[in-house]
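Undergrad:
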Amino acid sequence: MHHRKLMDAVISDINCSIIDIPTIRPHKMAVSTMGAQSLVIVRLRCSDDIEGIGEATTIGGLNYGGESPESIKTNIEAYFKPLLLGQPASQIASLRKRLNGAIKDNRFAKSAIETALYDAYGKRLGVSLSDLFGGRIHDRISVLWTLASGDTQADIAEAQHMLGMRRHNSFKLKIGLREPRDDIKHITAVRKALGDDVSLRVDINQGWSETQTLRYLPGLADAGVELVEQPIHEKNFEGMQRLTALACLPIMADEALKGPHDAFRMAAGHCANVFAIKIEQAGGLQNARDMIAIAEAAGIALYGGTMLEGSVSTIAAAHLFSTIGKLEWGTEMFGPLLLKDEILTLPLDYSDFSLGLPRGPGLGIELDEDKLAFYARKP
Ligand code: MUC
Ligand code: MG
5 MHHRKLMDAV ISDINCSIID IPTIRPHKMA VSTMGAQSLV IVRLRCSDDI EGIGEATTIG
65 GLNYGGESPE SIKTNIEAYF KPLLLGQPAS QIASLRKRLN GAIKDNRFAK SAIETALYDA
125 YGKRLGVSLS DLFGGRIHDR ISVLWTLASG DTQADIAEAQ HMLGMRRHNS FKLKIGLREP
185 RDDIKHITAV RKALGDDVSL RVDINQGWSE TQTLRYLPGL ADAGVELVEQ PIHEKNFEGM
245 QRLTALACLP IMADEALKGP HDAFRMAAGH CANVFAIKIE QAGGLQNARD MIAIAEAAGI
305 ALYGGTMLEG SVSTIAAAHL FSTIGKLEWG TEMFGPLLLK DEILTLPLDY SDFSLGLPRG
365 PGLGIELDED KLAFYARKP
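Read left to right, the sequence shown gives residues 5 to 383 (my numbering).
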């Protein structure tokens, strides 16, 4: 009887709102500068009164990829919702098949919907989202901070503040906007100020050509950089392969990885040493899990990436990452900390250079309705 009842719940309503929250400072990347983040919050109601929550975010509107907050909301309301209403809410594999059979691309929208489905399913079973992926191996995952104020002294002060609070001891520097020579001066100054015990990585966000990367990789290594993220164009798999083969510094793929097919092609071609796994770029939790398996089989190291997501998507990804045996390069699940305000009744637990996973059912978080109403974009 228990099982039957669980499987009887159907999806009864889906609601999407765009929540605009300013960032604590401008976030400067080669690809765009962000002064606010727009969270698309998806609320999926089921006939058993359980609500699943999901989230999608983009970076710089349409500057990072083809989906925008507005398109995600529109497409979910116009195309996803009719396919989902009245369907069995716990049959997630079947719902994924149904959506993928009718809707191309829209990976961020699919990720938000899938997160909401898993949240609802976990709440229905009384288990956490990590339990639905085999159970957590880690109660906390390490979280780095991105230095992207655009100013060397401000970045140093920010990093020192984070170290003092014991919130982060690994930093990712956004470069690729200035001349490479100036970027290397910037990194050298940050390394000198912070010492040798912190981990410094760079994200070029496709800002360099292959020849620039060839020319400046040794300089990055000399400046104390440990990992180089997506230096060149996302479509240039062969270039990534050549840069990886140089073995000058570990190369991480980010924007190149838009789902399991890319992960397979990159792994087969030895096009990266590390994969940045993002649930949104992957098209959802299950695709991300598949990409993790491809990396593990290929001997590619793993890193938990973010689309500067808010608390909902951040914690969804954290649940998945907590089930990975070896997350060699940690994660960057700091998105909520870049925002001026929190939309949860109980903020996420960032301490001891890491993020603690909630224990409650599903995502284990609760939305603050007043905050949502305050930041919701008005029509
Ligand atoms: C990216 O390309 O990695 C993630 C962290 C951050 O600072 O920017 C994003 C996007
Ligand atoms: Mg990146």
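Just so you know, even glycine gets a beta-carbon here, dropped at the ideal spot from N, CA and C.
For Asn19, list the residues DSSP reports as bridge partners.
TA: Paired residues: Arg47.
Undergrad: For Ser315, which option in Ile18, Ala286, Gly329 and Leu350 has the closest C-alpha, if you only look at C-alpha atoms?
TA: Closest option to Ser315, Cα to Cα, is Leu350.
Undergrad: Helix, strand or coil for Asp109, going by three-state DSSP, please let me know.
TA: Here Asp109 sits in coil by DSSP.
Undergrad: What separation, rounded to the nearest whole angstrom, lies between the Cα atoms of Gly139 and Asp266?
TA: Between Gly139 and Asp266, the C-alpha separation is close to 27 Å.
Undergrad: Pairing CB atoms from the stretch 29-40 with CB atoms from the stretch 359-367, are three or more of them under 8 Å?
TA: With the cut-off at 8 Å, the stretch 29-40 and the stretch 359-367 do not touch.
Undergrad: Using 8 Å as the cut-off, can you tell me whether the stretch 73-92 makes contact with the stretch 104-111, which would need three or more C-beta pairs spanning the two stretches below that distance?
TA: Yes, the stretch 73-92 touches the stretch 104-111.
Undergrad: Just list the beta strand (DSSP E) runs in the stretch 166-195, keeping only unbroken ones of 3 residues or longer that don't cross its boundaries, in chain order.
TA: The stretch 166-195 contains these whole beta strand (DSSP E) runs: 174-178.
Undergrad: Please say whether Ala116 and Ala93 have beta carbons closer to each other than 8 Å?
TA: No, these two residues do not count as a Cβ contact at 8 Å.
Undergrad: Based on DSSP bridge pairs, tell me the residues matched to Gln41.
TA: Gln41 is bridged to Ile25.
Undergrad: Where do the ends of the beta strand (DSSP E) carrying Tyr307 lie?
TA: Residues Ala305 to Gly308.
Undergrad: Taking C-alpha atoms, which residue in Asp186, Trp149, Asp155 and Glu162 lies nearest to Lys176?
TA: If we check each option's Cα against that of Lys176, Trp149 comes out closest.
Undergrad: Assign Ile28 to buried or exposed, taking buried as 16 or more other Cβ atoms, counted over all protein chains shown, within 10 Å of its Cβ.
TA: So Ile28 counts as exposed.
Undergrad: What span of residues does the beta strand (DSSP E) with Thr335 cover, start to end?
TA: Per DSSP, Thr335 belongs to no beta strand (DSSP E) and is neither H nor E.
Undergrad: Run through the DSSP bridge pairs and tell me what Val35 is partnered with.
TA: None, per the DSSP bridge assignment.
Undergrad: Taking three-plus beta-carbon pairs below 8 Å as touching, is the stretch 179-193 in contact with the stretch 204-217?
TA: Yes: at least three Cβ pairs fall under 8 Å.
Undergrad: Is Met270 closer than 8 Å to Glu233 when the C-beta atoms are compared?
TA: Cβ distance not < 8 Å, so Glu233 and Met270 don't count as in contact.
Undergrad: Within 7 Å: the Cβ of Asp187 and any heavy atom of the ligand MG?
TA: No, the Cβ of Asp187 stays beyond 7 Å of every heavy atom of the ligand MG.
Undergrad: In terms of alpha-carbon separation, which member of Leu331, Ala158 and Val44 lies closest to His31?
TA: Taking only the C-alpha atoms, the option nearest His31 is Ala158.
Undergrad: Find out if the Cβ-Cβ distance for the pair Ile369, Ala321 is shorter than 8 Å.
TA: Cβ atoms of Ile369 and Ala321: not closer than 8 Å.
Undergrad: Candidates Thr61, Tyr68, Leu136 and Phe338: which alpha carbon is nearest Gln4's?
TA: The chain is shown only over 5 to 383; residue 4 falls outside these bounds and no answer can be derived.
Undergrad: With hydrogens ignored, establish whether the beta-carbon of Asp207 is closer than 7 Å to any heavy atom of the ligand SAM.
TA: Ligands in the displayed structure: the ligand MUC and the ligand MG; the ligand SAM is not one of them.
Undergrad: Within the continuous beta strand (DSSP E) that includes Gly211, where are the two ends?
TA: Taken as a continuous stretch (DSSP letters only), Gly211 belongs to no beta strand (DSSP E), as it is neither H nor E.
Undergrad: Could you say which of Lys262, Gly130, Ile160 and Leu376 lies nearest to Gly70 if we only look at CA atoms?
TA: That would be Lys262, whose Cα lies nearest to the Cα of Gly70.
Undergrad: Buried or exposed: which applies to Thr215, given that a residue is buried once 16 or more other Cβ atoms fall within 10 Å of its Cβ?
TA: Thr215 comes out exposed.
Undergrad: Under the criterion of a Cβ to heavy atom distance below 7 Å, does Glu336 qualify as lining the ligand MUC?
TA: Flag set: Cβ of Glu336 near the ligand MUC.
Undergrad: Mind checking who Asp353 pairs with in its DSSP beta bridge?
TA: Beta-bridge pairing links Asp353 to Gly360.
Undergrad: I'd like to confirm the pairing. Which residues does DSSP put opposite Met256 in its beta bridges?
TA: According to DSSP, which records beta bridges pairwise, Met256 is partnered with Glu233 and Val278.
Undergrad: Is the CB-CB distance between Gly56 and Gly329 below 8 Å?
TA: Contact: no.
Undergrad: Closer than 6 Å by C-beta to Gly90: which residues in its own chain qualify, once you throw out the five before and the five after it? Chain order, please.
TA: Contacts found: Val14.
Undergrad: State yes or no: is the C-beta of Lys375 within less than 8 Å of the C-beta of Asp345?
TA: Contact: yes.
Undergrad: Could you please give the first and the last residue of the uninterrupted alpha helix (DSSP H) stretch that includes Glu242?
TA: Note, Glu242: alpha helix (DSSP H), Phe241 to Leu250.
Undergrad: Whose CA, out of Tyr354, Ala377, Ala380 and Phe378, lies closest to the CA of Asn173?
TA: Nearest C-alpha to Asn173: Tyr354.
Undergrad: How would you write the range of the alpha helix (DSSP H) that Val316 sits in, first residue to last?
TA: Val316 -> alpha helix (DSSP H) spans Ser315 to Phe325.
Undergrad: Does the ligand MUC have even one heavy atom less than 7 Å from the beta-carbon of Leu312?
TA: Yes, the beta carbon of Leu312 sits closer than 7 Å to at least one heavy atom of the ligand MUC.
Undergrad: Here's a check: name, in chain order, each residue in its chain whose Cβ is nearer than 6 Å to the Cβ of Glu59, leaving out the five neighbours to either side.
TA: So the list reads Leu43, Ile45, Ala116, Gly314, Val316 and Ser317, once near-sequence residues are dropped.
Undergrad: So Thr327 packs on Ile141, CB below 8 Å; how close in whole Å?
TA: Going by Cβ atoms, the distance from Thr327 to Ile141 rounds to 6 Å, so yes, they are a contact pair.
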